[in-house]
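Peer 1: Structure incoming, see below.
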Amino acid sequence: MNKNRNSLKKSLVRSYTSIFLIFILTIFILLFLIFRGATNVLNELGEAALKNKINMAVEYLDFLESQVNKGYIDREQAQETFRTSMLNKVQKDGKTRGLNNKLELGIEAYMYAIDKNGKEMMHPFKEGENISNIVDDNGKNVVQLILNEGNNPKNDGIITFFWKNPNENKTREKVNAVKYYEPWGWYLNVGTYYEDFYGNIQQLFFNILLIVFIIIIIIYIFILFKIDKKAKPFTKLVNTIEKLSNGDLKVEFDYNRNDEIKIVADSLKILKKKIKDYIELSNRSSEILLESSEELNGASDYISKSSIQISDTINNLAYDTTKQLEHSEKANKNMEILDNLIYECKEKMIIVSENSNEAVKSVSQGLKVIKDLISSTDESKVSNEEIFKAITQATDKAKNVEKVSSVISSIAAQTRLLALNATIEASKAGEFGRGFSVVADEIRTLADEAQKSSKEIENVVKELIENVEKMNEIRVNVEDNNKKQSDSINETENKYKNIYESIKNSEKSIRSYGELVEELLNKKQEVIEDIDSLASISKNNSAKTQEINASVEEQTSSIESVEEYSQKLLELSKELKNSIDKYFKL
Numbered sequence: 092m093n094k095n096r097n098s099l100k101k102s103l104v105r106s107y108t109s110i111f112l113i114f115i116l117t118i119f120i121l122l123f124l125i126f127r128g129a130t131n132v133l134n135e136l137g138e139a140a141l142k143n144k145i146n147m148a149v150e151y152l153d154f155l156e157s158q159v160n161k162g163y164i165d166r167e168q169a170q171e172t173f174r175t176s177m178l179n180k181v182q183k184d185g186k187t188r189g190l191n192n193k194l195e196l197g198i199e200a201y202m203y204a205i206d207k208n209g210k211e212m213m214h215p216f217k218e219g220e221n222i223s224n225i226v227d228d229n230g231k232n233v234v235q236l237i238l239n240e241g242n243n244p245k246n247d248g249i250i251t252f253f254w255k256n257p258n259e260n261k262t263r264e265k266v267n268a269v270k271y272y273e274p275w276g277w278y279l280n281v282g283t284y285y286e287d288f289y290g291n292i293q294q295l296f297f298n299i300l301l302i303v304f305i306i307i308i309i310i311y312i313f314i315l316f317k318i319d320k321k322a323k324p325f326t327k328l329v330n331t332i333e334k335l336s337n338g339d340l341k342v343e344f345d346y347n348r349n350d351e352i353k354i355v356a357d358s359l360k361i362l363k364k365k366i367k368d369y370i371e372l373s374n375r376s377s378e379i380l381l382e383s384s385e386e387l388n389g390a391s392d393y394i395s396k397s398s399i400q401i402s403d404t405i406n407n408l409a410y411d412t413t414k415q416l417e418h419s420e421k422a423n424k425n426m427e428i429l430d431n432l433i434y435e436c437k438e439k440m441i442i443v444s445e446n447s448n449e450a451v452k453s454v455s456q457g458l459k460v461i462k463d464l465i466s467s468t469d470e471s472k473v474s475n476e477e478i479f480k481a482i483t484q485a486t487d488k489a490k491n492v493e494k495v496s497s498v499i500s501s502i503a504a505q506t507r508l509l510a511l512n513a514t515i516e517a518s519k520a521g522e523f524g525r526g527f528s529v530v531a532d533e534i535r536t537l538a539d540e541a542q543k544s545s546k547e548i549e550n551v552v553k554e555l556i557e558n559v560e561k562m563n564e565i566r567v568n569v570e571d572n573n574k575k576q577s578d579s580i581n582e583t584e585n586k587y588k589n590i591y592e593s594i595k596n597s598e599k600s601i602r603s604y605g606e607l608v609e610e611l612l613n614k615k616q617e618v619i620e621d622i623d624s625l626a627s628i629s630k631n632n633s634a635k636t637q638e639i640n641a642s643v644e645e646q647t648s649s650i651e652s653v654e655e656y657s658q659k660l661l662e663l664s665k666e667l668k669n670s671i672d673k674y675f676k677l
């Protein structure tokens with residue numbers, strides 16, 4: 092619907108636009124034809140004016156030639172007179188004369204003349220130059236065109252070529268009127284551009300086009316305005332009908348017009364009133380039906396739920412009764428098993444009591460052993476301390492021996508040195524010192540042995556000290572192990588004490604449990620009698636609940652049928668109410 096809402100307006104715009112475009116195209120074609128016709132006429136008039144100027148020049152040349160023939164002037168004077176009359180006097184450069192504005196046609200058309208070799212015999216700007224090699228943009232030789240048309244006029248003395256002035260960038264089509272004057276051998280030319288003929292009318296044509304374009308835009312805007320004004324009532328009517336089709340009954344069809352739109356609006360207003368009355372009636376009926384359906388559905392739902400609850404309760408009661416009967420029978424069997432278990436438990440309790448007494452004795456013996464172990468550990472600790480104390484003293488004495496050994500080694504070194512000196516002195520004494528030399532050698536030998544022994548003693552002492560240090564490290568580990576062992580023994584003693592207390596408490600509990608077992612044996616027969624009575628009652632209840640359950644199931648089936656129909660009625664009422672509320676706005 093939204094897509095086609097403005098279709099009438101768009102159709103009118105397309106129709107008027109098509110007609111308007113045809114009208115505009117016709118106007119532009121007419122203007123173009125008028126412009127082309129006018130330019131052709133002006134071109135023909137311009138060509139005629141150029142030829143007339145050539146003919147006037149030829150008449151003047153004939154007059155000057157007659158003066159030459161009569162001997163009044165010579166030909167050079169006649170030629171200069173013609174140049175000066177048609178243009179101006181030559182300037183100092185010998186080739187520039189300029190244009191004679193008195194003889195212009197209102198356009199830039201000037202006269203010039205060349206000979207058969209292409210030399211400029213008369214020219215406003217380049218007199219005396221040779222232009223025989225000049226060609227236009229299409230490759231035409233300009234001089235050859237002039238000579239051909241002058242000698243053999245095929246185009247009524249008119250030639251065209253493309254030319255560009257020195258101060259211009261664009262080439263334009265140029266037209267020349269050509270005539271050959273045989274007595275002088277001159278080819279007279281009067282040339283200008285075609286644009287000079289119709290330049291003013293071209294500008295006028297562009298101005299007319301601009302004015303026509305502006306007028307066309309204004310007319311087209313006016314047409315669009317009128318179309319919009321004409322289409323607005325239709326658009327308004329379409330929007331109103333669309334709202335009505337969407338269920339909005341609040342829309343108004345008020346149009347202050349006296350045409351077909353007014354008739355349609357009045358008819359729609361009557362139709363809207365009838366639809367509104369019908370919808371209001373349907374709405375009231377649907378509300379009443381909805382309320383009744385809800386009440387009926389609520390009542391049937393309540394009854395259905397109550398019936399279901401009753402049925403569930405009876406089923407549960409029947410189930411519980413059956414289960415109760417089963418459990419009663421099972422309980423009776425279990426009581427027999429329980430009786431056997433109680434007797435067996437009593438016998439086990441006697442055995443447990445005896446084992447408990449044995450455990451108490453074993454724990455007491457264990458505590459005694461632990462005490463002996465603690466005593467032995469303490470004695471071992473004292474012995475270890477005395478051993479490590481003796482080791483420490485031995486270490487100190489070994490260090491003293493090491494010092495003495497160092498002193499002996501030093502004395503041996505000095506003795507050896509003295510023996511060496513004595514040997515030297517004995518050798519100096521000669522025969523008298525020989526006996527002293529033998530003694531000195533012995534002393535040196537003893538000194539060497541003493542030094543060697545002292546070194547061995549030092550090595551033994553060092554090894555002893557190292558072993559003692561290792562023993563010290565072992566002592567630390569032994570002390571740690573003794574401490575851990577002592578802690579473990581103490582912890583074990585505490586646990587044994589706790590075990591002893593627990594066993595003593597268990598012994599009390601076992602005696603109490605034995606008393607309970609005796610009481611269970613006494614109560615067993617009473618429980619068996621109660622279970623038998625309960626089983627009999629359960630059988631009677633089970634039969635009655637089955638009868639009640641059958642009646643309730645029949646009632647529930649009827650209620651479910653009523654509930655199903657009331658639910659369908661409620662859904663239909665809601666659908667009717669929702670449809671009215673959804674599609675109609677009252």
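For the sequence shown, my numbering begins at 92 and goes up steadily by one.
Don't be surprised by glycine CBs; every beta carbon is placed ideally from N, CA and C.
All values derive from a computational prediction rather than experimental measurement.
What first and last residue would you give for the alpha helix (DSSP H) that runs through V234?
Peer 2: First-last of the alpha helix (DSSP H) with V234: V233 to N242.
Peer 1: Tell me whether the segment 137 to 152 and the segment 260 to 279 touch, counting them as touching only if at least three CB pairs, one residue from each stretch, are closer than 8 Å.
Peer 2: yes
Peer 1: Using 8 Å as the threshold, is the segment 169 to 188 in touch with the segment 306 to 313, meaning 3 or more CB pairs across them?
Peer 2: no
Peer 1: Between which residues of its own chain and Q576 is the CB-CB distance below 8 Å, once the five residues before and five after are set aside?
Peer 2: Result list for Q576: T468, in chain order.
Peer 1: Are there 16 or more other CB atoms within 10 angstroms of the CB of K480, so buried, or fewer, so exposed?
Peer 2: exposed
Peer 1: Just the C-alpha distance for L699 and T331, rounded to the nearest angstrom, thanks.
Peer 2: Given that the chain is displayed from residue 92 to residue 677, the structure contains no residue 699 and the question cannot be resolved.
Peer 1: By the 10 Å Cβ neighbour count, where 16 or more other Cβ atoms means buried, how is P274 classified, buried or exposed?
Peer 2: exposed
Peer 1: For the segment 296 to 306 and the segment 114 to 126, state whether three or more C-beta atom pairs, one from each stretch, are separated by less than 8 Å.
Peer 2: yes
Peer 1: Grouping DSSP H, G and I as helix and E and B as strand, with all else coil, what is Y163?
Peer 2: coil
Peer 1: For K255, report the span of its beta strand (DSSP E) as first-last.
Peer 2: No residue range can be given for K255, since it is assigned to no beta strand (DSSP E) and is classified by DSSP as neither H nor E.
Peer 1: Helix, strand or coil for E620, going by three-state DSSP, please let me know.
Peer 2: helix
Peer 1: Starting from Y270 and walking both ways along the beta strand (DSSP E), at which residues does that stretch end?
Peer 2: At residue 270 the sequence reads Lys, which differs from the Tyr that was named. Per DSSP, K270 is one residue of the beta strand (DSSP E) stretching across R263 to Y272.
Peer 1: Say the cut is 8 Å; is the CB of L152 nearer than that to a heavy atom of the ligand PLP?
Peer 2: Among the components of this structure there are no ligands whatsoever, and the ligand PLP is therefore not found.
Peer 1: Following the continuous beta strand (DSSP E) through A204, name the residue where it begins and the one where it ends.
Peer 2: Y201 to I205
Peer 1: From the DSSP output, read off the bridge partner residues of Y278.
Peer 2: In the DSSP secondary-structure assignment, Y278 is bridged to I205 and Y271.
Peer 1: Please report how far the alpha carbon of L155 lies from the alpha carbon of L141, in whole angstroms.
Peer 2: 21 Å
Peer 1: Return the CA-CA distance between S579 and K490, expressed in angstroms with no decimal places.
Peer 2: 39 Å
Peer 1: Can you give me the start and stop residues for the beta strand (DSSP E) that E211 sits inside?
Peer 2: E211 to M213
Peer 1: Grab me the residues of E202's own chain with a C-beta within less than 6 Å of its C-beta, minus the 5 sequence neighbours each way, in chain order.
Peer 2: Rather than Glu, the amino acid found at residue 202 in this sequence is Met. Excluding positions up to five away in sequence, the list reads M177 and V281.
Peer 1: Can you check which of these residues, I502, E240 and N131, is closest to K543 by C-alpha distance?
Peer 2: For the residues I502, E240 and N131, the minimum Cα distance to K543 belongs to I502.
Peer 1: V104 by DSSP, collapsed to three states: which one?
Peer 2: For V104, the three-state secondary structure derived from DSSP is helix.
Peer 1: Comparing C-alpha positions only, which one of N572, A520 and T514 sits nearest to E533?
Peer 2: T514
Peer 1: Name the residue from E582, K320 and A541 whose alpha carbon lies nearest to the alpha carbon of K462.
Peer 2: E582
Peer 1: State buried or exposed for A520, treating a residue as buried only when at least 16 other CB atoms are found within 10 Å of its CB.
Peer 2: exposed
Peer 1: Measuring only the C-alpha atoms, how far is F114 from S106?
Peer 2: 12 Å
Peer 1: Buried or exposed for L362, going by 16 or more other Cβ atoms inside 10 Å?
Peer 2: Exposed, by the Cβ-count rule.
Peer 1: Give me, in chain order, the residues of the same chain whose beta-carbon lies closer than 8 Å to that of T506; leave out the 5 immediate sequence neighbours on both sides.
Peer 2: I534, R535, L537, A538 and A541
Peer 1: Check the DSSP bridge columns for I249 and list the partner residues they point to.
Peer 2: A268
Peer 1: With DSSP as the reference, label T283 as helix, strand or coil.
Peer 2: strand
Peer 1: Could you give the distance in angstroms between the alpha-carbon of M92 and the alpha-carbon of F126?
Peer 2: Note on M92: pLDDT 45, under 50, position unreliable in the model; no value is reported.
Peer 1: Suppose you measure from the CA of I441 to the CA of K414; what does that come to, to the nearest Å?
Peer 2: 39 Å
Peer 1: Using beta-carbon positions only, say whether Y278 and I222 come within less than 9 Å of one another.
Peer 2: no
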